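Numbering (the working numbering), first residue to last: 29 to 290.
For every residue, glycine included, the Cβ atom is placed at its ideal position computed from N, Cα and C.
From a predicted model like this one, the values you see are computed outputs, not experimental measurements.
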């Protein structure tokens, strides 16, 4: 039996992950359960931050979406300062920074063999040993998000500012997205969810989403889950999914995990 991995990341990451999985021989489809939105106010704030980027010792990016939004609003002619570190929580964010031309020597992130890819791992592996007294730090994120790393850096003596570069929203269900969900629900044993955000689970099961229908919800919850972080796994279990397994956010690891359902 061929199992299809359902990639729930927002676009364009969803299509990128589908292509990478398919290149490894794994059937996959995109069902983006989060929409990333930029606004003129966000872009104006980002442009102002670019103008004074060199004064920051660290600019922390919470996700590839943060990287894309930040660089999309970069004023022409500006480049990444050599003395400013770019923080990344995982390999996806590192890849996004490299794609934007940030030198690898400027990027700090957890090692590829880290147990988890999150703010705690970034702090423990790459930041805790540095002196942050009097240093300026900018955290680039969505309109809301976890403050753990910002608070930790502030306690270590840094001056921390937060920059909202985008907002996260639920998907627009009518049309192709709902059709894809119906196909997944019609054959739950032939699919496996890949969740990289607890918010995607919330959007999938929201009262206004198609899965609010009891029959469809039961089918959706019968699809096994691969979760890229323990917090996401716990959310999936709490929501009632039939089976939840952790997986490293790497296409090869996902293919290996999905093989258990073939």
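Take residue 114, set aside five residues on each side of it, and the residues of its chain with a beta-carbon closer than 6 Å to its own are 87, 125, 130, 134, 135, in chain order. DSSP places residue 114 in the strand class (E or B) of the three-state scheme. The Cβ atoms of residue 147 and residue 183 lie no closer than 8 Å to each other.
In this structure, the alpha-carbon of residue 216 lies about 8 Å from that of residue 252. For residue 170, the enclosing beta strand (DSSP E) starts and ends at 164-170.
Straight-line measurement puts the Cα of residue 271 at about 48 Å from the Cα of residue 106. Contact check for residue 71 and residue 101: beta-carbon distance about 4 Å, within the 8 Å limit, so the pair qualifies. Listed in chain order, the non-local C-beta contacts of residue 73 below 8 Å within the same chain comprise 191, 192, 193, local neighbours out to five positions each way being set aside. Ranking 204, 263, 203, 154 by CA distance to the CA of residue 225 puts 263 first.
In the DSSP assignment, residue 148 falls within the unbroken alpha helix (DSSP H) covering 147-150. The Cβ-Cβ distance between residue 45 and residue 34 does not fall below 8 Å. Secondary structure note for residue 189: its beta strand (DSSP E) is the uninterrupted segment 187-197.
For residue 57, the closest C-alpha among the options 89, 82, 31, 110 is that of 31. When C-alpha distances from residue 185 are compared across 155, 78, 208, 171, the shortest belongs to 155. In the structure shown, residue 136 falls within a strand segment according to DSSP collapsed to helix, strand and coil. Each of 219, 176, 233 was checked against the Cα of residue 201, and the nearest Cα belongs to 233. Comparing C-alpha distances from residue 209 to each of 189, 150, 179, 240 shows the shortest one belongs to 240. In terms of Cα proximity to residue 69, the closest of 238, 204, 89, 98 is 98. The beta carbons of residue 59 and residue 212 sit closer together than 8 Å. Residue burial annotation: residue 268 is exposed, with fewer than 16 other C-beta atoms found within 10 angstroms of its C-beta.
One Cα belongs to residue 275, the other to residue 143, and the distance between them is close to 10 Å.
Going by DSSP, residue 122 is part of the alpha helix (DSSP H) stretching over 119-127.
Selection 243, 247, 220, 244 evaluated against residue 288 yields 220 as nearest (Cα-Cα). The three-state reading of DSSP puts residue 219 in strand, counting E and B together. For residue 70, the secondary structure class from DSSP, reduced to helix, strand or coil, is helix. Per DSSP, the unbroken alpha helix (DSSP H) holding residue 92 starts and ends at 92-100.
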